[in-house]
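Residue numbers (the working numbering): 27 to 414.
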């Protein structure tokens, strides 16, 4: 049975059971039992049916510490960075350098070839430096003989450093007009930034960071989230976040893939397959067309491929520039009129020879690019030629 939550969260529950203030509505009490609910900050459910006296913590929180921006600059010499070496073996070297510099990816001497993923917030404050080691040949994390994972403040023995993490790539939010694409790993955000510039790619840095507190800076933005395969957590949380004013769509492109498989794996696997068939030109370009059911990865440097599965079918199509999409939209929606989704899907099947899922995906990318929009009654219209 679906759990329903009260609307006036702050009045019903002034404090979250974790002890934090609920003035921003992060704790959603259940309608059936207001002493049960879900906290988006803690990312877990609480059941407070058993009465326990609660005294709010009146001690003021410790101020957040930040790293000097000089740390980021000093880490930018990436000649020996294993992850960057791997990326340059797959993609154009200049494109890799451009995105690495844009996302403020650095290197650390803690382990030879280690990578620093700097978390810099939308006010350009350096909150955290995650240090990881990758294999330069496979691009995978080094976890043997131990998990090579640490952070800058631990390396520097800053014991009292009070950090508060943020989304990787948050420093690019000011002035951004692109829709947001959200992934879990920083490596995936880099790969997708290289192959698809129509989105601003951000990373949570962990499955559990898909919560209200982490995502609050992008509240009000169009967000397309790509959870790793086999993970239902993001889908469950997105429903509650959307009830709180977010605009999150969960992609299902990786459904059926092995648990933990992510977008970067999909892109790199397709690159490897096409390279082995000599279908790639020297420059590679892959973009993503997103929908509610599947994701379309497309490239302008390969020949047509077979219909083995939905992920490969979408590789048949070249990158769709906005003007091409606008022309196509005008073929399926008359000017100053509105059309039902089912009619447009039938037209796309006829015109573009797509299946129903791919047609739905194409409609969604048109919406994300503000080429078309939909009324409250579910009828689509051209953004520059409304039926009103």
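Don't be surprised by glycine CBs; every beta carbon is placed ideally from N, CA and C.
Because the structure is a prediction, the values reported are computed rather than measured.
Query	Result
Could you check which residue in 361, 170, 245 and 173 has the C-alpha nearest to that of residue 271?	245
According to DSSP, residue 64 sits in a beta bridge with which residue or residues?	54 and 71
What does the alpha-carbon distance come out to for the pair residue 293 and residue 88?	42 Å
Could you give the first and the last residue of the continuous alpha helix (DSSP H) run that contains residue 353?	348-358
Leaving out five residues before and five after residue 92 in sequence, what residues of the same chain have Cβ atoms less than 8 Å from its Cβ?	151, 152 and 153
Determine the closest residue to residue 146 out of 229, 206 and 64, with distance taken between C-alpha atoms.	229
Looking at the secondary structure, which residues open and close the alpha helix (DSSP H) in which residue 218 lies?	212-221
Quick one: complete alpha helix (DSSP H) runs, 4+ long, within the region 162-210?	178-181
On the three-pair Cβ rule with 8 Å, is the region 179-188 touching the region 236-244?	no
Cα separation between residue 105 and residue 120?	13 Å
Where DSSP assigns a beta bridge to residue 152, which residues make up the other side?	93 and 146
Taking residue 261 as the reference, give the member of 208, 291, 225 and 140 with the closest Cα.	208
Going by the beta-carbon positions, is the gap between residue 370 and residue 383 smaller than 8 Å?	no
Report, in whole angstroms, the separation of the C-beta atoms of residue 386 and residue 290, which I expect to be a contact under 8 Å.	At roughly 24 Å, the Cβ-Cβ gap does not stay under 8 Å, so residue 386 and residue 290 are not in contact.
Can you check the region 219-267 for any beta strand (DSSP E) of at least 3 residues that lies completely inside it and give the ranges in chain order?	226-229 and 248-251
Quick one: residues in its chain with C-beta nearer than 7 Å to the C-beta of residue 410, no 5 flanking neighbours on either side, listed in chain order?	none
Give a yes or no on whether the C-beta atoms belonging to residue 139 and residue 159 are separated by under 8 Å.	yes
Per DSSP, residue 134 is paired with what?	140
For a quick check, are the C-beta atoms of residue 226 and residue 202 less than 8 Å apart?	yes
Check residue 368 in the structure and name its three-state DSSP category.	helix
Please classify residue 65 as buried or exposed, where buried requires at least 16 other C-beta atoms within 10 Å of its C-beta.	buried
Excluding the 5 residues preceding and the 5 following residue 173 in the sequence, name in chain order all residues of the same chain whose CB lies nearer than 6 Å to its CB.	none
Answer yes or no: do residue 367 and residue 408 have a C-beta to C-beta separation smaller than 8 Å?	no
When DSSP builds the beta bridges, which residues end up paired with residue 408?	398 and 411
Quick one: is residue 284 buried, meaning 16 or more other Cβ sit within 10 Å of its Cβ, or exposed?	exposed
Does the beta-carbon distance from residue 101 to residue 63 come in below 8 Å?	no
In the region 106-132, which residue ranges form an unbroken alpha helix (DSSP H) of at least 4 residues, counting only runs that do not cross its ends?	108-116 and 119-128
Apart from the five residues just before and just after residue 243, which ones in its own chain have a Cβ nearer than 8 Å to its Cβ?	147, 148, 192, 193, 196 and 199
Can you say whether residue 124 is buried or exposed, counting buried as having 16 or more other CB atoms within 10 angstroms of its CB?	exposed
Indicate whether residue 247 and residue 276 have their beta-carbon atoms separated by less than 8 Å.	no
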